[in-house]
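See structure below.
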Amino acid sequence: MGTANSFLKSAHATRTRRGQRITAATLNILQHKAYGKYTEDAQSDGHEPLEFGVWCQQRAECCPQFQYWATTLNLEQIRCNRGKGIRRRVTASGPLPSNWQNFLRNSDNKEELFSFLLEQVMQLFVKESKQLVVTDKKQVLTVPPRKDTANLAPCNHEEADTRMLVHAADALECGHRRILIRTVDTDVVILAVGLANERSEVLDEIWLTFGTGKNRRYIAAHQIAKALGPEK
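Position 131 (the sequence shown) corresponds to 131 in the UniProt record's numbering; numbering is contiguous.
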């Protein structure tokens, strides 16, 4: 199990990740305070207190709230142990990373890679009667150029799931009534159902291509929203 300091001092993080680490640090402090109280009570009753790890396991088995704490802390410790990865420059002529997992551990690598890919896509996109809209950090880029991007800019969403729904909502404002989103994230499915429920007056269909390979399937978020009803 990690410590509060290890969670707060680990590698570079976005504001969202920083918030998660502060939560983990707080839970870690609460967990150790609870164990300290248990130890005092056990000793005052003449009992030998359990070791910290054993006590945590027993508490998790009998208390759902404590199990949530323990799971959150374990996941955060796994993230911290992944490390930051080596910083590498991303260029068109540069070699591909030999270890993509290690490359993507570095947030700067990911940001530069995404910006590079967006630039390449913008240059290659030449389809007539189609429009490409991408967000690069807070900046909104469109091909062909679009005058009004007020629904998108500045885009300060750090997480990809909510950023996808910002694009979907913008598409509705532009008059599109059928939307397709490709994702492997169940959070996006839930958000899409919420959007279908809230914007049913201007949205006919919102589909999700969910999963990869043989496990890929289409999910009709608008049908789920209709079945659940607005009160859900």
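Glycine included, each C-beta is placed from N, C-alpha and C at the ideal position.
Computed from a predicted structure; not experimentally measured.
Check                                                                                                       : Outcome
Closest Cα partner of E198 within the set L208, H32, A169                                                   : A169
C63 classed as buried or exposed, judged by whether at least 16 other C-beta atoms fall within 10 angstroms : exposed
Cβ pair count under 8 Å reaching 3, the segment 94 to 106 against the segment 121 to 138                    : no
CA nearest to the CA of V90, picked from A70, N106, E112                                                    : E112
For R59, the first and last residue of its enclosing beta strand (DSSP E)                                   : R59 -> not in any beta strand (DSSP E); alpha helix (DSSP H) instead, spanning 52 to 62.
K110 to E119 span [Cα, whole Å]                                                                             : 14 Å
Distance, F116 Cα to G213 Cα                                                                                : 26 Å
R59 vs F52 beta-carbon contact at 7 Å                                                                       : no
Separation of A221 from A192, as counted between CA atoms                                                   : 6 Å
Three-state secondary structure (DSSP) of V189                                                              : helix
Contact with chain B by I206, beta-carbon distance below 7 Å                                                : Structure shown: chain B not included; a single protein chain is present.
DSSP three-state assignment for E205, whether helix, strand or coil                                         : strand
The segment 198 to 209 contacting the segment 164 to 180, beta-carbon criterion three pairs below 8 Å       : yes
CA-to-CA distance, V140 to A153, given in whole angstroms                                                   : 6 Å
Supposed close pair L208, V189 - CB separation, criterion 8 Å                                               : 6 Å
CA-to-CA distance, T39 to H32, given in whole angstroms                                                     : 10 Å
Cα-Cα separation, D161 to D187                                                                              : 7 Å
Outcome for T135 when other beta-carbon atoms lying within 10 angstroms are tallied against a minimum of 16 : buried
Where the beta strand (DSSP E) through A150 begins and ends                                                 : Where A150 is concerned, there is no enclosing beta strand (DSSP E), given that its DSSP letter is neither H nor E.
Exposed unless 16 or more other CB atoms sit within 10 angstroms - verdict on G94                           : exposed
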